[in-house]
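Written out below as structure tokens is the structure these notes cover.
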């Protein structure tokens with residue numbers, strides 16, 4: 001029997017029976033322009049169509065309705081009560097009438113989610129995208145702390161200012177009248193000389209010098225007869241002093257003219273006059289040191305020592321008489337070893353470390369106090385004791401600002417000043433001082449959190465990697481504040497896409513663990529090691545975790561509100577089944593290793609489930625000969641013991657003891673890529689922990705390929721580069737358009753793409769922490785941008801001045817390296833050089849600087865032949881190439897930390913690198929042969945394995961290390977992935993349009 005077709009003017013969908021998701025999908029598949037969707041009182045939906053459609057009842061989305069006399073009638077309905085505008089339905093043999101006007105309308109437009117749709121604004125062909133301006137993050141600018149103003153201390157007296165060598169403000173100079181230049185008076189096109197006071201005549205001082213010498217000469221014969229040989233040692237001093245007095249006014253006027261010269265620099269450049277070199281203070285320093293030592297060796301040296309001794313005595317009287325105003329105003333700061341500044345510079349006057357108001361600088365000051373003739377250990381210790389007694393007395397008198405000023409500025413002990421301010425409840429002032437003086441990051445975060453500036457504390461903690469230490473320090477004094485900081489830490493990780501990072505943040509606090517359910521659910525969807533860890537933690541949450549059975553996907557979340565206790569138990573069984581599947585022999589290695597490691601320390605809440613999982617884990621460890629995470633033998637034995645105590649006793653007794661041993665490297669592979677090119681270009685690629693491969697295909701978009709090469713997802717977003725997050729949950733899609741880069745953000749959990757910004761940069765790091773992106777500006781400076789803000793915002797800068805970055809920057813999660821070139825300005829004391837710099841992440845602490853010699857092997861320092869063809873590793877090594885000993889060979893050298901490692905490879909090719917791994921590609925016998933390797937600094941430069949791309953050209957190959965996989969690709973559409981040691985092949989794919 002067949003179902004005859006009929007003309008249906010509408011359909012009735014039984015939503016309580018088929019579910020809202022299925023009903024919505026059927027409505028959208030049959031939607032027409034002019035259709036209406038109505039809801040019946042019993043929850044069913046009525047879809048009315050603008051025109052009848054021919055359909056069969058067995059293939060209809062719901063019960064068909066026919067149009068009869070302006071009403072919609074179901075099959076078998078009694079039409080005697082027919083009225084226009086009604087719907088007649090049949091239930092239980094009875095006919096029910098529903099007025100269309102009384103039904104609640106539904107709008108299917110609310111079901112659509114446009115977040116995954118990329119919006120592209122079209123412009124004229126050939127017009128480059130305009131880069132957005134980069135903003136500076138003012139919230140992270142170190143605060144300026146003025147303890148002198150807070151303490152109410154006035155400026156120094158004129159006596160102390162003269163003694164400390166501080167200059168008074170200059171009086172304004174009268175402008176000189178215009179002079180005629182080049183025969184044309186007042187010509188505006190000719191640069192005028194800078195206005196200033198004319199040089200005073202030198203003859204008065206020269207006359208004074210002649211008078212001194214003439215007055216001293218008659219006494220020389222008699223002095224010699226009396227044996228007064230000391231007179232000869234005074235003559236050079238008098239001569240030098242007289243010459244100085246003679247030329248001082250002229251030099252002062254010349255300096256005034258030089259100070260005014262920048263105001264006329266623009267006119268001078270327009271006239272073509274070149275800028276002459278200027279001598280810096282550092283260049284003039286040796287002459288000043290020579291004169292100071294010459295003066296101290298003469299009898300006049302006692303005059304300087306007595307002058308400074310009187311200053312110390314007068315300062316001590318002010319402190320002991322508790323004349324705090326005078327004492328603090330005229331006190332000199334102490335720093336360094338026994339009062340000596342950096343380099344042991346000698347000064348005939350007291351060191352003027354401050355100019356103007358005493359204000360602590362957030363960074364290290366360049367002008368540290370110099371060594372005085374009397375500033376030995378005795379005087380330094382005397383002043384140190386004097387200042388400490390003053391700080392204690394000021395604290396007893398409740399003059400907290402003055403006491404903090406003495407500790408922070410005079411004694412250069414900001415940590416003690418911060419502790420003093422915190423003891424007296426001035427937490428915000430203590431936080432400002434701690435951040436400005438560069439105290440430990442955990443202390444800065446804790447103080448800002450207590451001061452109420454939560455956002456600043458969180459951003460500093462993330463930028464300097466100080467969350468864990470700050471929480472531990474805060475928990476000892478304020479547990480509730482520590483819990484709030486943990487919550488903010490988790491929210492910060494969640495915003496950056498780091499799901500497991502959010503779990504690690506809250507897991508130590510049992511009360512906060514249920515808040516991580518959503519993060520664990522999304523981590524399960526990531527697959528790989530994240531999936532193994534997340535399933536174990538979900539089972540450890542117990543009833544709180546059973547409600548979040550996200551392992552089955554988003555549909556489980558929709559029905560969560562209506563789930564009963566029995567459903568929750570069923571969900572827990574589902575999660576336990578998924579966890580057991582990760583321990584099976586056919587499970588991915590990374591997923592199984594992560595689950596085993598997590599089970600050893602995180603037991604399930606249900607004892608029966610925990611016993612079942614522990615038993616399965618013991619079998620997996622015995623079968624695999626270890627936990628598979630590279631741990632040492634002692635650690636693996638401890639884990640096995642903990643699992644044995646929780647497993648089934650009979651099963652644990654029957655299982656043989658596994659031979660736990662440290663992992664040994666396998667035999668290197670010889671990988672051969674696909675024999676023919678793909679149909680899509682591969683410009684960048686990365687194998688994820690889930691086993692999928694993310695591929696950037698230029699203007700063909702981005703694809704997520706499975707291990708078998710099939711496309712799991714695709715995004716029509718142009719991308720030439722991938723910047724992958726360290727945690728693997730997000731990525732930046734970068735499209736190059738000349739000098740600018742258009743950047744979009746991709747969430748690999750929700751698979752949503754959103755455009756972020758357009759930047760004009762010289763280069764980008766190939767990975768980031770999920771929030772901070774390292775960029776290289778066009779001028780060669782390093783700028784770290786916050787990718788979670790609406791507009792690009794700089795949160796940290798490196799280099800500047802006469803230092804610039806050469807080439808790209810290499811980065812790993814815990815290290816960053818760059819080749820820095822110093823090109824000093826004319827007259828500077830620096831020399832031109834190239835260095836390898838290595839920073840520790842995330843706080844950008846400089847850990848190493850090694851000099852490179854580009855002139856020749858006979859020069860000091862490691863020799864590098866050609867920096868243009870070199871590549872940089874994130875561990876601070878530089879790889880370059882040179883001619884090998886044999887014909888048709890190349891010598892690959894690794895330079896860094898004063899050591900050089902070499903390896904000879906076949907062919908003539910090019911280098912590429914990522915992280916601490918490198919690749920050398922050379923075309924041999926009609927194919928592209930690639931040698932890949934990596935290793936710690938100083939180790940032999942041994943290639944790990946080789947690969948062949950048949951028929952490929954000699955263009956460089958791409959290389960990326962992410963997680964436990966090393967991905968290598970060629971532009972011809974072929975790629976493969978292996979373990980970092982090259983012992984196991986993980987993927988070998990050919991990218992095509994039909995995959």
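Numbering (UniProt numbering), first residue to last: 1 to 995. Glycine included, each C-beta is placed from N, C-alpha and C at the ideal position.
A straight line joining the alpha-carbon of residue 39 with that of residue 5 spans about 26 Å. The Cβ atoms of residue 646 and residue 614 sit closer than 9 Å to each other.
The shortest C-alpha to C-alpha distance from residue 658 to any of 420, 625, 94 and 822 is the one to 625. Pairwise C-beta distances place the region 746-759 out of contact with the region 807-825, as fewer than three of them are shorter than 8 Å. Every candidate beta strand (DSSP E) stretch fails here, since none sits fully inside the region 473-540 while reaching 3 residues. According to the DSSP assignment, residue 52 belongs to the beta strand (DSSP E) that extends over 45-55. Between residue 838 and residue 874, the alpha-carbon positions lie close to 8 Å from each other. In terms of Cβ geometry, residue 88 and residue 71 form a close pair [threshold 9 Å].
Annotated as distal: residue 872 and residue 852, with beta-carbon spacing of 9 Å or more. Segment contact: the region 25-34 against the region 43-51, three or more CB-CB distances shorter than 8 Å; contact assigned. A direct Cα-to-Cα measurement between residue 684 and residue 697 gives close to 7 Å. Counting of Cβ neighbours within 10 angstroms places residue 516 among the buried residues, the total reaching 16 or more. Look at residue 327 here: in three-state DSSP terms it is helix. If you draw a straight line from the Cα of residue 413 to the Cα of residue 428, it comes to about 18 Å.
Residue 960 and residue 967 have their alpha carbons spaced roughly 5 Å apart.
With a threshold of 16 other beta carbon atoms within 10 Å, residue 715 meets it and is buried.
Residue 831 counts as exposed, since fewer than 16 other C-beta atoms from the protein chains shown sit within 10 angstroms of its C-beta. Here residue 930 is near residue 946, since their CB atoms are less than 9 Å apart. Residue pairing by DSSP places residue 988 opposite 976 in a beta bridge. In the DSSP assignment, residue 833 is bridged to 822. Residues of the same chain with a CB within less than 7 Å of the CB of residue 386, apart from the 5 flanking positions on each side, are 316 and 319 in chain order.
Taking C-beta separations shorter than 7 Å and ignoring five residues to either side along the sequence, the partners of residue 540 in its chain run 602, 603, 604 and 605, following chain order. Below 8 Å, too few C-beta pairs join the region 93-111 and the region 732-743 to call them touching: fewer than three. Under the DSSP assignment, residue 962 falls in the beta strand (DSSP E) whose first and last residues are 958-962. Take the alpha-carbon of residue 895 and the one of residue 988: they are about 33 Å apart.
Residue nearest to residue 619 within the set 639, 597, 583 and 591 is 583 (criterion: CA-CA distance). A straight line joining the alpha-carbon of residue 63 with that of residue 750 spans about 35 Å. For residue 933, the enclosing beta strand (DSSP E) stretches over residues 927-934. Residue range 740-747 is occupied by the beta strand (DSSP E) that includes residue 742. Distance from residue 448 to residue 437 at the Cβ level is roughly 14 Å; contact not present, criterion being Cβ atoms closer than 8 Å.
In the three-state reduction of the DSSP assignment, residue 634 falls in the helix class, which pools H, G and I. Around the beta-carbon of residue 670, fewer than 16 other beta-carbon atoms lie within 10 Å, marking it exposed. Residue environment: residue 993 is assigned as exposed (fewer than 16 neighbouring CB atoms within 10 Å of its CB, all protein chains considered).
Closest in alpha carbon position to residue 585, among 510, 622 and 808, is 622. Going by beta carbons, residue 821 and residue 805 fall inside the 9 Å limit. In the three-state reduction of the DSSP assignment, residue 443 falls in the helix class.
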